[in-house]
């Protein structure tokens, strides 16, 4: 049974939360990234999906969610909405 099917049976709203690191939308340099008196060498898997690729993937995700009539909320909006839903006695 999929997540969507299970939620349909419970009659509760389906909520998907996404979090992206801000740097994922920027093309990351390869090799050591120097800052101040030190530097960091990120593993390749951390930087290979950054930049234009990430932007394109997020755009595909948003377009698909819109095609499914998804509603987009901030975390605060979602929390306020759920407070109202959970206050209903029949859920």
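Numbering (the numbering used here), first residue to last: 11 to 101. Backbone N, C-alpha and C define an ideal beta-carbon position, used for all residues, glycine too. Model, not experiment: these values are computed from the prediction.
Distance, Cα to Cα, residue i vs residue j?
i, j, result
"residue 86", "residue 42", "37 Å"
"residue 69", "residue 20", "30 Å"
Just to confirm my understanding: we take residue i, look at its own chain, exclude 5 residues before and 5 after, and list those with CB closer than 8 Å. What are they?
i, result
"residue 51", "41, 42, 43"
Specify the secondary structure class of residue i as computed by DSSP and reduced to three states.
i, result
"residue 50", "strand"
"residue 26", "coil"
"residue 32", "helix"
"residue 20", "helix"
"residue 15", "helix"
"residue 82", "coil"
Using only alpha-carbon positions, find the residue among the options that is nearest to residue i.
i, options, result
"residue 54", "77, 39, 45", "39"
"residue 62", "15, 73, 92, 36", "36"
"residue 29", "22, 23, 64, 47", "64"
Which residue comes first and which comes last in the alpha helix (DSSP H) that contains residue i?
i, result
"residue 95", "85-96"
"residue 67", "62-77"
Residue i lies in the beta strand (DSSP E); which residues open and close that run?
i, result
"residue 43", "43-45"
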